[in-house]
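K.L.:
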Amino acid sequence: MRIHLLKLSVTFIMTLFYVSGFGAPETKDESNINFVPDTIQVSGTVVDEDNVPLPGVTVTIIDLQGGVITDIDGKYTIGAPSDGTIRFSYVGMETQLIEINNQRTIDVVLQSKLQELEGLTVVAFGKQKKESVIASVTTVNPSELRVPSSNLTTAMAGRMSGIISYQRSGEPGQDNAEFFIRGVTTFGYNRSPLILIDGIELSTDDLADLHPDDIASFSIMKDATATSLYGARGANGVILVTTKQGVEGVMKINVRLESSNSRPTQKIDFADPLTYMRLHNEAVRTRDPLGILPYSQLKIDQTADPNRNKFAYPANDWFGETIKNSTTNTRLNFNLSGGGSIARYYISASASKDNGILKVDNRNSYNSNIDLQQYLVRSNIDITLSETTEATLRVHGTFDDYTGPINGGTQVYRNVARSNPVLFPAYYEPDEANRFRQHILYGNAGSGRFMNPYADLTRGYKESSKSLMLAQFQIQQDLKMITEGLNFRIMANTYRESFFDVKRTSIPFYYKVESFDRRADEYVLEPLNSDEGREYLDFEPSNKDLLSNFYAESAINYNRTFNDVHGVSGLLVGIARQSLVAPGAGTDLQGSLPRRNLGLSGRFTYSFADRYFAEFNFGYNGTERFAAQERFGFFPSYGAGWLVSNEDFWEPLSPVVNSLKLKATYGLVGNDAIGSPADRFFYLSNVSLNDPARSYSWGTDGLVSVDGVSIGRYANDLITWETAKKLNLGFEMGLFNTATLITDVFFESRDNILMDRINLATLGLQASTKANVGAASSGGIDMSLDVEHFFNNDFWIIGRANFTYARGVFDRFEEPSYTETPWLSRIGQPITQQWGYLAERLFIDDEEVHQSPQQLFGSVVRGGDIKYRDINGDDKITGLDRVPIGYPTTPEVIYGFGFSTGYKDFDLSMFFQGSANSSFWINQNFVAPFIDATYNGETKNFIGYNALLQKVADDYWSETDRNAYAFWPRLSDNLESNNNQQSTWLMQDGSFLRLKSFEAGYNLPQQWIDKYKMKQLRVYVSGTNLMHWSKFKLWDPEMGGNGLDYPVQRVFNFGLQVSF
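For the sequence shown, the positions run -23 to -1, 1 to 1037 when mature numbering (1 follows the signal peptide of the UniProt record, and there is no 0) is used.
1) Contact check, I360 vs A320 under 8 Å by CB: the rounded distance?
2) Give me the Cα-Cα distance between Y782 and M137, rounded to the nearest whole angstrom.
3) Relative to the C-alpha of S546, which candidate in R537, R554 and I552 has its C-alpha closest?
4) Can you find the residues in the same chain that come closer than 8 Å, C-beta to C-beta, to A748, ignoring five residues on each side of it along the sequence?
5) Mind reading off the beta-carbon distance from G51 to L31? Whole number of angstroms is fine, and I expect it under 8 Å.
6) Please classify L630 as buried or exposed, where buried requires at least 16 other C-beta atoms within 10 Å of its C-beta.
7) If we ignore side chains and look at the alpha-carbon of each, how far apart do I158 and R580 end up?
8) Run the CB neighbour count on P654, radius 10 Å, all protein chains shown included, and call it buried at 16 or more, exposed below.
9) Find the nearest neighbour of L335 within the set A670, S127 and K301, judged by alpha-carbon distance.
10) When DSSP builds the beta bridges, which residues end up paired with I300?
11) What do you reckon, are the CB atoms on I383 and P149 nearer than 7 Å?
12) Rank N940, T878 and G425 by C-alpha distance to the C-alpha of N918 and give the top, closest one.
13) To the nearest angstrom, how far is the alpha carbon of S66 from that of V23?
14) Compare the C-alpha of V389 against each of D408, M428, D378 and T365 and name the closest.
15) Please state the DSSP three-state secondary structure of R391.
16) Exposed or buried, Q983, counting other C-beta atoms within 10 Å across all chains shown (16 or more means buried)?
17) Classify W898: buried if its beta carbon has 16 or more other beta carbons within 10 angstroms, exposed otherwise.
18) Look at the alpha carbon of S895 and the alpha carbon of I651, and state the distance between them as a whole number of angstroms.
19) Closest by CA to V19, which one among N594, S974, R859 and Q80?
20) Which residues in the same chain have their Cβ closer than 6 Å to the Cβ of A248, if we skip the five residues on either side of it in sequence?
21) Of all the options K439, G756, I192 and G873, which has the alpha carbon lying nearest to the alpha carbon of L706?
22) Tell me, please, whether the stretch 608 to 619 touches the stretch 631 to 645 by the rule of three or more beta-carbon pairs shorter than 8 Å.
23) Output the boundary residues of the alpha helix (DSSP H) element that contains M991.
24) Taking DSSP as the reference, what is the three-state secondary structure of F(-2)?
25) DSSP three-state label for P30, please.
26) Compute the beta-carbon to beta-carbon distance between S205 and G214, rounded to the nearest angstrom, for a pair I have assumed lies under 8 Å.
27) From I452, D377, G139 and Y660, pick the residue whose C-alpha is nearest to that of D478; which is it?
28) Can you name, in chain order, every residue of its own chain whose Cβ lies under 6 Å from the Cβ of L721, other than the five neighbours on each side?
29) May I ask you to report which of helix, strand or coil DSSP gives S109?
30) Go ahead and label R554 buried or exposed: buried means 16 or more other beta carbons lie within 10 angstroms of its beta carbon, across all protein chains shown.
31) Among I46, P250, T116 and D190, which residue has its Cα nearest to the Cα of N779?
32) Under 8 Å, with one C-beta from each stretch per pair, do the stretch 943 to 952 and the stretch 822 to 832 reach the 3-pair mark?
33) Would you please state the rounded distance, in angstroms, between the beta carbons of A134 and Q890? I believe it to be under 8 Å.
34) Only counting the same chain, and skipping five residues up and downstream in sequence, which positions put a Cβ closer than 7 Å to that of D84?
35) Please name the residue in L523, P1024, F164 and L502 whose C-alpha comes closest to that of A559.
36) Label V29 either buried or exposed according to how many other C-beta atoms from any shown protein chain fall within 10 Å of its C-beta, with 16 as the threshold for buried.
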């Protein structure tokens, strides 16, 4: 931690040193400064648009040094040449230049820069006047992204139209939300939008690390006109973020400090240990009446005795043993900005500490709970090199330090959910023979191979460190000496990202009770793995990754209006990009080679009388992934708009509909991230010259063996980009000068999706051939409504709502012919649609099983098991009876609504977020009680017994209650393959409505804080994920089928904001 504090301090001090010579002019109290022998005294008053005097305005003379500032009444006096020019500058205001012309009194009205910014929209490679934008762009006020979380992506859902977003985990460092712009329209591996922060392509993790207080603008680029300039990288949409820059004026300092309490949004309800034993016995008996019961009546009775020896007859609450109720997190952001006419600066530093909700054994000298510490530093400096030349230097660093359990917090939760509560305790108090042991005596049974979640949690820890260092330099040259409105810009940036982790692990010593004397209440322990156990922490270095990136961009821009009627603008941008993953960081030869892109993009716009607008954009991009003839792609777009409300005939309607703009766009955008991340150089075959699977042997006894040759992928020099054809129709309407409604209807057709070709003649005998044969399409609508009303100077209210519906379907997919069984075809079905069996109900009894179609899943079907529908009528239930079931796993509908209001110094805001049209499935590997299951991709070296959900204990089929519609089928201590099929029986509705955020604040009166030189002191309380409503009750529905993983968190927060 001290190293990072040193980094913060050094960066801060060096940046201050750099800009100190360019700061705000020296403050003087109405001093007269004579710059030349002959001067006149110029006096006046400076006010804002509301005629309020402005104290602290910097007043200087062009080409001369020195100056004065206005007093508390906005008045100034300065000595100046009679033919000189005075500059008036103030933070947040437009700088004004006024020629003196022998005037002795000059009064000035400064205009707010906010008005100019509010009239501009950030678009690709620049900004446009809001009224002339015909692309589909959603902007959000950065303050709306401020939630009590260290992860910015968790605030996106429901906040802006066009974003489909959800969060599956609440584990610190693993809690990124997944998000898609206008849903999913490809079944390729890359479905995520392009993320650009200050024009630099970065990852979702980097977006998550951003602090809202550092953000100047946040825009979502959705249609072809908005994204075609990014050509081959814009098909999935683009997120544009710009960070704050300094403005001319005295230094401003802002500090925000927050402390929050975090806990799961919903606690999983498990049955008690006695119910667990009773139903475990029933699960064995109901499947095999002669089976050996796992628990004797004596054990059940002894466990029920409140005076029992808890080590001899354990009854564990594994959640209580390993998981805390809540934890505390802290966040700090500090930023300062200001500058003079030569240089402006914005410098910030942030620190956060997020803790997990896992328990720690204080007998260990280390912390196995999650501890994530993040540090960010940012320095943005703008330098005026001349009247026509400006330079910008941005430096940014992010440092993440993580400590946590060896296999992560989610694995801890999974282990808890698969552990028997009555076999052994978490650990034993030492018996007489072991009272001098140095290690913890962990509980286990049998030969010591059962899952003990407490031992697995506390047997060591993992440390990881991730850092990002970034530098960007830009020069902007005004070329008005050539022609008015022409400027040139060149920019370059580079960054390096590194990651490594290590594990420190011991091997727990396991014990079990060998004998127990009930009269003496004493037990004797038996060691189970004394030869394997290890007290010391071993050192296991693991992953190391290093990524470096270089990017260069040059642009020439022209923007001019002729005769106050014809608005013309043009933009031409050239880009070059190279990224490199260091060899030895888990990469093969192909992965170690540089990834390169070249591109040329352009924009041309025309407007007539601020009523009619036309725009043409293009991107011409190249990549090294494809063969020479496919290496470059051209992606044009076209758009037109009509600002109807600027027509003369609209004047009578303007009191009601004060603004109306119609717009339409169409274009092509590409995606070069096809196949998989490892797929490169498709025009070359992948050949292995030493494949053991293709080895051959010879010799008398066949003892001589040589590895053979195999082809992993055949070359295809016709492989090219995914191409998205996008159409957008929309309107923007202002109502009663208080409300704005924006609606877009969109359609997209995605071609050339890369797939493996099906070749039945060689199926399984050779590598498949990849080709651009897939296609998909999508459509939907997104809309937003903003309403604001100011009752008076003290009372105001702002309301907002947005809605997004997006549905993407397969149009062309490489699959067998399903003429006989069309319901198996993917064509026309949603891209994340699931197939399964239609579950009619549970079988009433064994007799009904015998009279029904055979269910051929490899297990004996009994009464109480799930009964499936025979779709094709062949009197058998097989894979041919699977049909599309439920909604897609990705929500098709995301919506949000809320309000902000203020009265005098009090403010209050509340926001709700909802999701609809999605389904998920309860995974029996997670929740089927009493079974020993393996999770996907897991290497398991222990025995587990799944816990018993209270819902299952309360509602299951039994011989005494043959409820054909019970929640859970007939009990079993094995995973019954018949009941483990994906079907409508365990399908759940993923819809929910959530109180996403709440905040109430109070600004202390100015007269209270003036004596401390403060401009603002605000205290507030806030929260996120405070409540939710859903048909599904077992866990937070936003987690989908991952409900027994590390849960989404409910956060209560207290904050303090101070400005100087």
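Glycine included, each C-beta is placed from N, C-alpha and C at the ideal position.
P.N.:
The relevant details are as follows:
1) By one-based count along the sequence shown, residue 360 stands at place 383. By one-based count along the sequence shown, residue 320 stands at place 343. About 5 Å separates the Cβ atoms of I360 and A320, confirming a contact at the 8 Å cut-off.
2) For the purposes of this step, residue 782 is identified with residue 805 of the sequence shown, where counting begins at 1. For the purposes of this step, residue 137 is identified with residue 160 of the sequence shown, where counting begins at 1. Computed Cα separation, rounded: 12 Å.
3) The count along the sequence shown starts at 1 and reaches residue 546 at position 569. Of the candidates R537, R554 and I552, the one whose C-alpha sits nearest the C-alpha of S546 is R537.
4) As a position in the sequence shown, residue 748 is number 771, starting the count at 1. The residues are N693, L695, I696, L731, M732 and R734.
5) Within the sequence shown, numbered from 1, the residue matching residue 51 stands at position 74. Within the sequence shown, numbered from 1, the residue matching residue 31 stands at position 54. Contact holds; Cβ gap of about 5 Å.
6) By one-based count along the sequence shown, residue 630 stands at place 653. The residue in question, L630, is exposed, as its Cβ has fewer than 16 Cβ neighbours within 10 Å.
7) The sequence position of residue 158 within the sequence shown is 181, counting from 1. The sequence position of residue 580 within the sequence shown is 603, counting from 1. Straight through space, the alpha carbons of R580 and I158 are spaced by roughly 23 Å.
8) For this step, residue 654 is matched to residue 677 along the sequence shown. Taking every protein chain shown into account, the CB of P654 has fewer than 16 other CB atoms within 10 angstroms, so this residue is exposed.
9) The sequence position of residue 335 within the sequence shown is 358, counting from 1. For the residues A670, S127 and K301, the minimum Cα distance to L335 belongs to K301.
10) One-based indexing of the sequence shown puts residue 300 at position 323. DSSP lists L335 as partners of I300.
11) By one-based count along the sequence shown, residue 383 stands at place 406. By one-based count along the sequence shown, residue 149 stands at place 172. In terms of Cβ geometry, I383 and P149 do not form a close pair [threshold 7 Å].
12) The residue labelled residue 918 in the question sits at position 941 within the sequence shown. Closest by C-alpha distance to N918, out of N940, T878 and G425, is G425.
13) For the purposes of this step, residue 66 is taken as residue 89 along the sequence shown, with counting starting at 1. For the purposes of this step, residue 23 is taken as residue 46 along the sequence shown, with counting starting at 1. Their backbone Cα atoms lie some 10 Å apart in a straight line.
14) Position 412 of the sequence shown, counting from 1, holds the residue named residue 389. Selected option, being the one with the closest Cα: M428.
15) Locating residue 391 in the sequence shown gives position 414, counting from the first residue. Here R391 sits in helix by DSSP.
16) The residue labelled residue 983 in the question sits at position 1006 within the sequence shown. With fewer than 16 other Cβ atoms within 10 Å, it is exposed.
17) Numbered from 1 along the sequence shown, position 921 holds the residue referred to as residue 898. W898 counts as buried, since at least 16 other C-beta atoms from the protein chains shown sit within 10 angstroms of its C-beta.
18) As a working note, residue 895 is residue 918 in the sequence shown. As a working note, residue 651 is residue 674 in the sequence shown. Those two C-alpha atoms are separated by around 26 Å.
19) Counted from its first residue, the sequence shown places residue 19 at position 42. Out of N594, S974, R859 and Q80, Q80 has the C-alpha closest to the C-alpha of V19.
20) Numbered from 1 along the sequence shown, position 271 holds the residue referred to as residue 248. Apart from the 5 residues on each side of it in sequence, A248 sits with its Cβ closer than 6 Å to the Cβ of L925, Q927 and A930 in its chain, given in chain order.
21) Position 729 of the sequence shown holds residue 706. Ranked by Cα distance from L706, the first of K439, G756, I192 and G873 is G756.
22) By the Cβ rule, the stretch 608 to 619 counts as touching the stretch 631 to 645, because three or more pairs are nearer than 8 Å.
23) The residue given as residue 991 occupies position 1014 in the sequence shown. Counting along the chain, M991 falls outside any alpha helix (DSSP H), and DSSP gives it neither H nor E.
24) Locating residue -2 in the sequence shown gives position 22, counting from the first residue. Any reading at F(-2) needs caution, since the residue's pLDDT is 36, under 50, leaving its predicted position unreliable; the model's value is listed next. Three-state result, F(-2): helix.
25) Within the sequence shown, numbered from 1, the residue matching residue 30 stands at position 53. Strand, per DSSP.
26) Here the question's residue 205 lines up with position 228 in the sequence shown. Here the question's residue 214 lines up with position 237 in the sequence shown. Going by Cβ atoms, the distance from S205 to G214 rounds to 12 Å, so no, they are not a contact pair.
27) By 1-based counting over the sequence shown, the position of residue 478 is 501. Looking at the Cα atoms, D377 is the closest of the given residues.
28) Counting from 1 along the sequence shown, the entry for residue 721 is found at position 744. Before going further, note that residue 721 is Asp rather than Leu in the sequence given. Cβ within range, chain order: S113, N705, G707 and D759.
29) Residue 109 sits at position 132 when you count from the first residue of the sequence shown. In the three-state DSSP reduction, S109 falls in the helix class (H, G or I).
30) In the sequence shown, residue 554 corresponds to position 577, counting from 1. Within a 10 Å sphere around the beta-carbon of R554 sit 16 or more other beta-carbons, which makes this residue buried.
31) Sequence index remark: in the sequence shown, residue 779 carries index 802 (1-based). Of the candidates I46, P250, T116 and D190, the one whose C-alpha sits nearest the C-alpha of N779 is T116.
32) In this structure the stretch 943 to 952 does not touch the stretch 822 to 832; the number of beta carbon pairs closer than 8 Å is below three.
33) Against the sequence shown, residue 134 aligns to sequence position 157. Against the sequence shown, residue 890 aligns to sequence position 913. Their Cβ separation, rounded to whole angstroms, is 5 Å, which keeps A134 and Q890 in contact under 8 Å.
34) Indexing the sequence shown from 1 puts residue 84 at position 107. Annotation for D84: G21 and T22 place their beta carbon closer than 7 Å to its own, counting only its chain and skipping 5 residues before and after.
35) Counted from its first residue, the sequence shown places residue 559 at position 582. The residue among L523, P1024, F164 and L502 with its C-alpha nearest the C-alpha of A559 is L523.
36) Numbered from 1 along the sequence shown, position 52 holds the residue referred to as residue 29. Residue burial annotation: V29 is exposed, with fewer than 16 other C-beta atoms found within 10 angstroms of its C-beta.
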